[in-house]
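Input: a single structure, listed below in structure tokens.
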Ligand code: NAD
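Printed below as a string of structure tokens:
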């Protein structure tokens, strides 16, 4: 089902729908649902990429967009990534994403998110919503007044802890495969970002004997890690040049580009940031440079595993078991990639696609 959010502007309407259908076809969608509510100012897009493995699950983003096209593009791109993430991590879910175009002035915060909850409910369970940029468990609690198809309410706890656990298991798998080492004792890891995931990762890695160098544009967050774990620091720009065993990007997407990949002085890259490769083909460049790149949509899946398994089963032990499985899952991908002399990302995406077909 596709409706236009700019139905009264015929010229833009044509452009928007053209690009929407083209992009949706390219990403192999799926469904795109749009809801407009004048009273609350809600302009919401729910993109459901694929339902083959189960109901779609994915975050609800609440940010400003320059144009509606950009919002729709974001929803489609992110929903497709969620399909890959769920399939690659054996979750019984498809990929979905909600994008709420943040209004300049919010009339009534609670009414706005309640209306979005009604929209999610009307989709009948085809899409289960969660926290993303601009939303928090508080908004999820409001949404939960109107729908049962919601996760990440205040009862769930912080998924970042499980994301960090998954990244650590990813690092351990890569260290085993690339350096033939069974533990992290004495290894030097650089972490970009001392936010939620970076902090928990630093805590976990230092407890296992790793030596850390961290950076963050937020000096307070960085100092917190220095005080707590005695990490060394460097400037955000210098992090790519530091000689280490592992580089863990835990801040922003698209940081692996021609310049940074050529500067990297590590044999392994494994972190939590989404879409780390600025271009899809850069995984081949990493492969050529003999840097083991741990596909981000597997390394950072601890958060979605936490949310999905708790939603489906309400069992935290099961969450931990499934996050632990990231280690074996990745070792299988590294071996396959080595046998086929292919980039790890390419192999991981192919495996996920096979499950989605
Ligand atoms: P966060 O916002 O808590 O932390 C990100 C940190 O990166 C902040 O402290 C910020 O100041 C810092 N930063 C921003 N630009 C930087 C730069 N140029 N150099 C160095 N540091 C910079 O976010 P988070 O929850 O810790 O997530 C980190 C990354 O992992 C994000 O890309 C997020 O999308 C991704 N991710 C997070 C989760 C999760 O469970 N939190 C799950 C999957 C993926």
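Residue numbers (my numbering): 51 to 407.
From the three backbone atoms N, C-alpha and C, an ideal C-beta is built for every residue, glycine too.
Only a predicted model underlies this, so the values are computations on that prediction, with no experimental measurement involved.
Nearest to residue i (by Cα), restricted to the options the options
| i | options | result |
| --- | --- | --- |
| residue 346 | 275, 299, 196 | 299 |
| residue 220 | 394, 401, 164 | 394 |
| residue 72 | 89, 126, 88, 110 | 126 |
| residue 288 | 266, 218, 303 | 266 |
| residue 373 | 139, 184, 152 | 139 |
| residue 90 | 78, 136, 115, 163 | 163 |
| residue 375 | 113, 325, 355, 309 | 355 |
| residue 103 | 135, 371, 97 | 135 |
Segment limits, alpha helix (DSSP H) that includes residue i
| i | result |
| --- | --- |
| residue 246 | 246-257 |
| residue 118 | 118-138 |
| residue 305 | Counting along the chain, residue 305 falls outside any alpha helix (DSSP H), and DSSP gives it neither H nor E. |
| residue 213 | 210-229 |
| residue 94 | Here residue 94 belongs to no alpha helix (DSSP H); instead the beta strand (DSSP E) covers 92-98. |
| residue 332 | 332-338 |
| residue 199 | No alpha helix (DSSP H) holds residue 199; DSSP gives it neither H nor E. |
| residue 206 | That residue, residue 206, is in no alpha helix (DSSP H); it is neither H nor E in DSSP. |
Start-to-end residues for the beta strand (DSSP E) that takes in residue i
| i | result |
| --- | --- |
| residue 193 | Segment 187-193 is the alpha helix (DSSP H) holding residue 193; no beta strand (DSSP E) there. |
| residue 81 | 81-87 |
| residue 265 | 261-265 |
| residue 147 | 144-151 |
| residue 110 | 106-113 |
| residue 242 | 238-242 |
Closer than 6 Å: residue i CB and nearest the ligand NAD heavy atom
| i | result |
| --- | --- |
| residue 300 | yes |
| residue 266 | yes |
| residue 271 | yes |
| residue 217 | no |
| residue 315 | no |
| residue 247 | yes |
| residue 324 | yes |
| residue 209 | yes |
| residue 286 | yes |
Beta-carbon separation (whole angstroms), residue i vs residue j, contact threshold 8 Å
| i | j | result |
| --- | --- | --- |
| residue 282 | residue 263 | 5 Å |
| residue 238 | residue 148 | With 8 Å as the limit, residue 238 and residue 148 do not qualify as a contact, their Cβ atoms being about 40 Å apart. |
| residue 178 | residue 106 | 7 Å |
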